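Position one of the sequence shown corresponds to residue 1 (the UniProt record's numbering), numbered consecutively onward.
Just so you know, even glycine gets a beta-carbon here, dropped at the ideal spot from N, CA and C.
Computed from a predicted structure; not experimentally measured.
Below is one structure, written out as structure tokens, with a few remarks after it.
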Amino acid sequence: MERTDTSAAAMERLAEPHLIMELDSDGERLTTLVFSSGGRFLAGGTARGRVFLWDVYTGDTVFDEQAPGPVEELALDFQPLLVAARSDQEVVVWDVETGEEETRIDAGAGSGMAFASSLRGSLIDADYLALGSETGSVFLWNNDGWELDDEIAVANERFSLAMTSYGTGLATLTDEGEIGLWDVATRELLGTADLRDSGLSGQGFRFSPSATGQEVIAVTSDEGIFVVSSDAVRTGDGPVAMPQSCSGVFCDEYSTRPSAHQRLDVAPGLAAQGQIRFLVTAGRDRGFEELTLWETPPGILTAFQPVETMPMAREVELLAASHPDSLLHVVATVMSGSGPSLWDMSRDPYAPYADAESLSIYLTQRCTGAPVLLSPEEWERELPGLSYEPVCIRLQDEAGDYHGEPTVPHSPDPSDD
1 MERTDTSAAA MERLAEPHLI MELDSDGERL TTLVFSSGGR FLAGGTARGR
51 VFLWDVYTGD TVFDEQAPGP VEELALDFQP LLVAARSDQE VVVWDVETGE
101 EETRIDAGAG SGMAFASSLR GSLIDADYLA LGSETGSVFL WNNDGWELDD
151 EIAVANERFS LAMTSYGTGL ATLTDEGEIG LWDVATRELL GTADLRDSGL
201 SGQGFRFSPS ATGQEVIAVT SDEGIFVVSS DAVRTGDGPV AMPQSCSGVF
251 CDEYSTRPSA HQRLDVAPGL AAQGQIRFLV TAGRDRGFEE LTLWETPPGI
301 LTAFQPVETM PMAREVELLA ASHPDSLLHV VATVMSGSGP SLWDMSRDPY
351 APYADAESLS IYLTQRCTGA PVLLSPEEWE RELPGLSYEP VCIRLQDEAG
401 DYHGEPTVPH SPDPSDD
């Protein structure tokens, strides 16, 4: 906590967008990537059926299990920490802390998977695992005994789904671009919106990783990347391609309504939603791959503007963003031929280490959502001879696990298999 040359250099590095660390996927090609709700853990599934879970504070692999086949989708519950993997028409659910398999569900050839809560205002205890089916329905499996609880008829076509943060809304999205919001507790349809109403003709509309927040929904398609107001979906306003403003008796209600969606000025590619106010996209621009950070002002849902870019050495194949409690922008990428890399896209123009007290407050705030201050390689280079101790782990232990997610005590031993 003292101001030294090393701590000053580390804090200065934190003030600029930077690579945090690279994680080990044992040379496996990853097919899906997702953060836990608080950002402490990152899960990845591979083409050979491996399911990994990494502790992003330490970089350790804390879970490594085998699914029936190539991993198509992953979902993480909050407490207890559960990993669900969709693979070869089955869904396997594991308890991370015990390493035990909880259940196997015959899921068929559908798509869409999310842990869903019926407790308004919280995702601490999800009641159901929601699974999309090839028949166009969502099946709700109760995690208390893993019995099929109910079925919600959504559409007669393929769709994806995700759980809205801090609420009971389950969001569904068809390949044709129709969004639906459903109340998990009552199974009622809360509202719909069709992206084609704004003149889009593309196919393959899908949710972005970490796709839904309390008030906005991020969507990708072959025509671009979009942000939709969930309030507009609930009220049935639908997207407005060209919002207008006017005054006088000749203005109708439609023309004065604010836009319910925003098409980002970026080439079609990957997108991942973090907190409600930030979104990260990845794609080729100006001839090279880059990450772009988008932010929106407080209280304005569909006014995202690019605020930061970072060039990538290779094509970004997978992208995920964390949901930290603080205003940090931590994202994970998988580039061709490599495992996951963690990036901090935040920029802080203020020196946070003016004195010991301000440094302590700043570090505590960062540790509610950021990984280590120094990577293991940097630690070895800057502090040779000292055992590796990420400061966030120390702060968390001193505070009594304030982060709210379980601590996994050790990494699995591959020889156990």
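Around the C-beta of Asn-142, fewer than 16 other C-beta atoms lie within 10 Å, and the residue is accordingly described as exposed.
Contact annotation: Val-83 and Val-56 have beta-carbon atoms that are not nearer than 8 Å.
Contact between Ala-43 and Leu-76 holds: their C-beta atoms lie close to 6 Å from each other, under 8 Å.
Secondary structure note for Ser-346: it is in no alpha helix (DSSP H), with a DSSP letter that is neither H nor E.
Membership of Asp-106 in the beta strand (DSSP E) is indicated by the continuous run 101-106.
In the DSSP secondary-structure assignment, Thr-192 is bridged to Gly-180. DSSP places Ala-267 in the coil class of the three-state scheme, outside both helix and strand. In the structure shown, the three-state DSSP call for Ser-229 is strand.
Taking the CA atoms as reference points, Ser-25 sits about 30 Å from Ser-133.
In terms of CA proximity to Thr-61, Arg-40 leads the group Ala-67, Phe-78 and Arg-40. Gln-305: member of the beta strand (DSSP E) spanning 305-311, first to last residue.
Per the C-alpha coordinates, the member of Thr-296, Ala-321, Arg-347 and Ala-356 positioned closest to Pro-340 is Ala-321. Around the beta-carbon of Ser-229, 16 or more other beta-carbon atoms lie within 10 Å, marking it buried. The C-beta of Phe-288 has fewer than 16 other C-beta atoms within 10 Å across all chains shown, which makes the residue exposed. Comparing C-alpha distances from Leu-81 to each of Ser-37, Val-71, Leu-190 and Ser-118 shows the shortest one belongs to Ser-37. With a contact defined as Cβ atoms closer than 8 Å, Leu-170 and Ile-179 miss out at about 11 Å.
Residue range 147-153 is occupied by the beta strand (DSSP E) that includes Glu-147. Check the Cα spacing between Thr-281 and each of Gln-275, Gly-274 and Leu-291: the tightest is with Leu-291. A distance below 6 Å between beta-carbons, with the five flanking residues on each side excluded, links Trp-294 to the following residues of its chain, in chain order: Leu-279, Phe-304 and Pro-306. Using a Cβ distance threshold of 8 Å, Ala-272 and Leu-319 count as a contacting pair. With at least 16 other beta carbons inside 10 angstroms of its own, Glu-73 counts as buried. Contact check for Val-71 and Thr-103: beta-carbon distance about 17 Å, past the 8 Å limit, so the pair fails to qualify.
Residue pairing of Gln-66 in beta bridges, as defined by DSSP: Arg-50. Under the DSSP assignment, Arg-86 falls in the beta strand (DSSP E) whose first and last residues are 82-87. Rounded to whole angstroms, the Cβ separation of Gly-49 and Gly-69 is 5 Å, and the two are in contact under 8 Å. Note that the C-beta distance between Asp-127 and Ser-137 is not below 8 Å.
About 16 Å separates the Cβ atoms of Leu-129 and Val-154, ruling out a contact at the 8 Å cut-off. By alpha-carbon distance to Glu-90, the top candidate from Ala-107, Pro-297 and Arg-206 is Ala-107. Note on Thr-186: under 16 other CB atoms within 10 angstroms of its CB, so exposed under the neighbour-count rule. Inclusion of Pro-17 and Glu-315 in the CB contact set at 8 Å is not warranted, their separation being larger than that value. When secondary structure is reduced to three states using DSSP, Pro-376 falls in the helix class. Distances from the alpha-carbon of Ala-9 to those of Glu-378, Gly-385 and Met-163 put Glu-378 closest. Of the residues assessed, Arg-86 falls on the buried side of the cut-off, its CB having 16 or more other CB atoms within 10 angstroms. Counting the other Cβ atoms within 10 Å of the Cβ of Arg-206 gives 16 or more, which makes it buried. The C-alpha of Arg-13 lies about 42 Å from the C-alpha of Leu-131. The straight-line gap separating the alpha-carbon atoms of Thr-135 and Ser-208 is approximately 23 Å.
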